[in-house]
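To start, the structure under review is shown below, and the notes come after it.
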Ligand code: HMG
Ligand code: MG
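Numbering (my numbering), first residue to last: -5 to 310.
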């Protein structure tokens, strides 16, 4: 657990919310399909380790992401085991069909996922940049009318594998359009992990200039170029208090092959604890969960903290 200590840095938030994406962003990228009961046990262990928000799965087309084709079974399973707690776990919904599936199962938090670039919008959503908003508009409206909370991801906010550098103004435009539709929080994705700390600061400032303050932003870093933790520190210094992370550093994106693992939750927890920032997560329980999952997956976790603290599972 965290506590203010002798080595705090000035000007950082006292408390941070970690938004755990391992069961969704992590497992969507696995080469094989993980059994539903393993996914349910993973979610339960993450909640028990103190993660306040655990994104469970995606109601996308099963042909597009076969790894998460069991989304309805998983949510039914979790609801049996965890009751209302399961209904609070966010799920991804790209369109009205996805929202209908989530509503049927009583989900209370949904997330849409937009792209800052034309190419990724086409590849990930089968929609152009502009068409994606038409797909999201009824999802957000109907979800809000039903009393649900709606988060919006923006992908490729720093660079795009097909288009290269992505102009800051283009990212801010896409993000503010999603806020205007009614999203309560924007998750700013460095999908391929190419961003660096100054770029992070500039992007947060760019949103601020358009009226989207740090209270509406979350940062979603991938660690492809080893910058995720440095970028998280820069974001903390800019006032961000919600960070997406993935237990054991699992993850990627099936429609952006240059995307590797997410910022590992353990690595983030270690840094926050060292900085005296509260996060509510039990690191030992989290490491034990990632070691257990690595064993199920048959390969070691890429997280530095898991390797240092837990020992990694040996490849089978
Ligand atoms: P489409 O083919 O254009 O869909 O795909 P459509 O609207 O033309 O419908 C075609 C058929 O699919 C219809 O069935 C629909 O009912 C069905 P038919 O009438 O032909 O029998 N269908 C569905 N079935 C189940 N669930 C649904 C659904 N929607 C339509 N939700 C679509 C459009 C958006 C569905 C597709 O492109 C898709 O599923 N994409 C998802 C891709 C994805 O999940 N990518 C990974 C997540 S994004 C990410 O990881 C980045 C992030 O982590 C942040 C970051 O790192 O940047 C969030
Ligand atoms: Mg991601």
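Idealized CB from N, CA, C, for every residue including glycine.
Checklist entry - Closer than 7 Å: is that where the CB of residue 165 sits relative to any heavy atom of the ligand HMG? => result Taking the first residue of the chain shown as position 1, residue 165 is located at position 171. Incorrect: residue 165 has no Cβ contact closer than 7 Å to the ligand HMG.
Next on the checklist: Is residue 230 a contact residue of the ligand HMG, with contact defined as CB to any heavy atom under 7 Å?
Outcome noted: What you label residue 230 is simply residue 236 of the chain shown in a count that begins at 1. Relative to the non-hydrogen atoms of the ligand HMG, the Cβ of residue 230 never comes closer than 7 Å to any of them.
Checklist entry - Does the distance from the CB of residue 290 to the CB of residue 236 come in under 8 Å? => result Taking the chain shown and counting its residues from 1, the one referred to as residue 290 is at position 296. Taking the chain shown and counting its residues from 1, the one referred to as residue 236 is at position 242. Cβ distance not < 8 Å, so residue 290 and residue 236 don't count as in contact.
Checklist entry - Short check: CB of residue 295 to CB of residue 303, under 8 Å? => result Translated into positions along the chain shown, residue 295 becomes position 301. Translated into positions along the chain shown, residue 303 becomes position 309. No, the pair does not count as a contact, with Cβ atoms beyond the cut-off.
Item to check | Identity of the residue in 229, 283 and 279 nearest residue 7 by Cα | outcome: Residue 7 sits at position 13 when you count from the first residue of the chain shown. It is 229.
Checklist entry - According to the neighbour-count rule (16 or more other Cβ atoms, all chains shown, within 10 Å of its Cβ), is residue 119 buried or exposed? => result The count along the chain shown starts at 1 and reaches residue 119 at position 125. For residue 119, the number of other beta carbons within 10 angstroms of its own is at least 16, and it is reported as buried.
Item to check | Backbone CA spacing between residue 41 and residue 48 [nearest angstrom] | outcome: The sequence position of residue 41 within the chain shown is 47, counting from 1. The sequence position of residue 48 within the chain shown is 54, counting from 1. Residue 48 has its alpha-carbon roughly 7 Å from the corresponding atom of residue 41.
Next on the checklist: Considering only heavy atoms of the ligand MG, does any lie closer than 7 Å to the CB of residue 251?
Outcome noted: Within the chain shown, numbered from 1, the residue matching residue 251 stands at position 257. The ligand MG never approaches residue 251 closely enough for any of its heavy atoms to be under 7 Å from the residue's Cβ.
Next on the checklist: Alpha carbons only, please: which of 251, 191, 182 and 58 is nearest the one belonging to residue 212?
Outcome noted: Working through the chain shown from its first residue, we reach residue 212 at position 218. Closest by alpha carbon: 182.
Item to check | Length of the line joining the Cα atoms of residue 135 and residue 54 | outcome: Locating residue 135 in the chain shown gives position 141, counting from the first residue. Locating residue 54 in the chain shown gives position 60, counting from the first residue. Straight-line spacing of the CA atoms in residue 135 and residue 54 works out to 19 Å.
Item to check | Supposed contact pair residue 174 and residue 214 - C-beta distance, whole angstroms, cut 8 Å | outcome: Here residue 214 refers to the residue found at position 220 of the chain shown. Here residue 174 refers to the residue found at position 180 of the chain shown. Rounded, the Cβ-Cβ distance is 20 Å, inconsistent with contact.
Next on the checklist: Measuring only from the beta carbon, is residue 216 closer than 7 Å to any heavy atom that is part of the ligand MG?
Outcome noted: Counting from 1 along the chain shown, the entry for residue 216 is found at position 222. Flag set: Cβ of residue 216 near the ligand MG.
Checklist entry - From residue 14 to residue 242, what distance separates their C-alpha atoms? => result Residue numbering aside, residue 14 sits at position 20 when the chain shown is read from its first letter. Residue numbering aside, residue 242 sits at position 248 when the chain shown is read from its first letter. Spanning the two alpha carbons is a distance of roughly 11 Å.
Next on the checklist: the ligand MG and residue 67: does the residue's C-beta get closer than 7 Å to at least one heavy atom of that ligand?
Outcome noted: Taking the chain shown and counting its residues from 1, one reaches residue 67 at position 73. Not under cutoff, so the answer is no.
Next on the checklist: Please list the terminal residues of the continuous alpha helix (DSSP H) segment that includes residue 193.
Outcome noted: Your numbering for residue 193 matches position 199 in the chain shown. Unbroken alpha helix (DSSP H) run through residue 193: 191 to 203.
Checklist entry - residue 251: buried (16+ other C-beta within 10 angstroms of its C-beta) or exposed? => result Against the chain shown, residue 251 aligns to sequence position 257. Exposed.
Item to check | DSSP-derived helix/strand/coil call for residue 83 | outcome: Start at 1 with the first residue of the chain shown, and residue 83 comes out as number 89. For residue 83, the secondary structure class from DSSP, reduced to helix, strand or coil, is coil.
Next on the checklist: Looking at the strands, I want to know which residues DSSP matches up with residue 9.
Outcome noted: As a position in the chain shown, residue 9 is number 15, starting the count at 1. Answer is 272.
Checklist entry - In three-state terms, what does DSSP make of residue 129? => result Position 135 of the chain shown holds residue 129. DSSP places residue 129 in helix when its eight states are reduced to three.
Checklist entry - So, helix, strand or coil for residue 221, using DSSP? => result Counting from one through the chain shown, the residue named residue 221 turns up at place 227. Here residue 221 sits in coil by DSSP.
Item to check | As assigned by DSSP and simplified to three states, the class of residue 64 | outcome: Against the chain shown, residue 64 aligns to sequence position 70. Looking at residue 64 - three-state DSSP - the assignment turns out to be coil, as it is neither helix nor strand.
Checklist entry - Is it buried or exposed for residue 147, if we count other Cβ within 10 angstroms and need 16 for buried? => result Counting from 1 along the chain shown, the entry for residue 147 is found at position 153. Of the residues assessed, residue 147 falls on the buried side of the cut-off, its CB having 16 or more other CB atoms within 10 angstroms.
Checklist entry - Using CA coordinates, which residue listed in 64, 106, 83 and 218 is at the minimum distance from residue 154? => result Reading the chain shown from its first residue, position 160 is the one you call residue 154. The option with the nearest alpha carbon to residue 154 is 218.
Item to check | Contact check, residue 256 vs residue 77, beta carbons under 8 Å | outcome: Position 262 of the chain shown, counted from the start, is the residue given in the question as residue 256. Position 83 of the chain shown, counted from the start, is the residue given in the question as residue 77. Against a cut-off of 8 Å, the Cβ pair of residue 77 and residue 256 comes out as no contact.
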